[in-house]
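Just so we're aligned: the sequence shown equals residues 1 to 110 in full-length UniProt numbering. Note that beta-carbon positions come from the ideal geometry of N, C-alpha and C, so glycine has one too. Remarks on the structure that follows.
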Amino acid sequence: MVSTSHPHEYIPAQEGFGRSPCPALNALANHGYLPRDGKNISIPQLVKALTGVYNLSYPLAFALASLGVILCGHGLYLDLEGLRKHNVIEHDASMVRITSNRDRSYPTFP
């Protein structure tokens, strides 16, 4: 378990932590607005983080969180790594990923 003196202190991902192709969601996990391990994130947790930190409207945050869970989640939860499913949400036009039709092993940038 990661201990911190401030609940939203930056703590980079550690071994075993999941991260997504989305830097914004990774930042939310690195700062503790989402579970720091990036696993078993619920729709309400995603909506609270997206509206509170990035000031998204509730309908937009709910739509994005719900789609993420439906398309890439397991049951009613989402692991950030699940967003890596190729051509579901992650795609070859991603500006922060090295993309190749031959190699689907993407590096993780915290």
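Closest by C-alpha distance to residue 84, when choosing among 30, 77, 22 and 9: Ranking the options by Cα distance to residue 84, first place goes to 22.
Proximal residues to residue 24 (C-beta, below 8 Å), its chain only, five neighbours per side dropped: Excluding the 5 residues flanking it on each side, residue 24 has same chain C-beta neighbours closer than 8 Å at 54, in chain order.
Should residue 80 go down as buried or exposed, given a rule of 16 or more other Cβ atoms within 10 Å for buried? Residue burial is scored here from C-beta neighbours: residue 80 has at least 16 other C-beta atoms within 10 angstroms and is therefore classed as buried.
What are the boundary residues of the alpha helix (DSSP H) that residue 198 is part of? Nothing can be reported for residue 198: it is not among the residues displayed for the chain, which extend from 1 to 110.
Report the rounded CA-to-CA distance for residue 39 versus residue 17, giving the unit in angstroms. Roughly 8 Å between the two C-alpha positions.
Closer than 8 Å is the cut-off here; do at least three beta carbon pairs connect the segment 31–48 with the segment 66–79? With contact defined as three or more Cβ pairs closer than 8 Å, the segment 31–48 and the segment 66–79 are in contact.
Could you tell me the boundaries of the alpha helix (DSSP H) in which residue 35 lies? Counting along the chain, residue 35 falls outside any alpha helix (DSSP H), and DSSP gives it neither H nor E.
Given this structure, state the Cα-to-Cα distance separating residue 12 from residue 77, to the nearest angstrom. So the two alpha carbons sit approximately 22 Å from each other.
Just to confirm, is the Cβ distance from residue 47 to residue 65 under 7 Å? For the pair residue 47 and residue 65, the CB atoms are nearer than the 7 Å cut-off.
I'd like the list of long-range same chain contacts for residue 101, defined as Cβ closer than 6 Å, with 5 residues on each side in sequence excluded. At residue 101 the pLDDT is 49, less than 50, meaning the model places this residue with poor confidence and gives no usable figure here.
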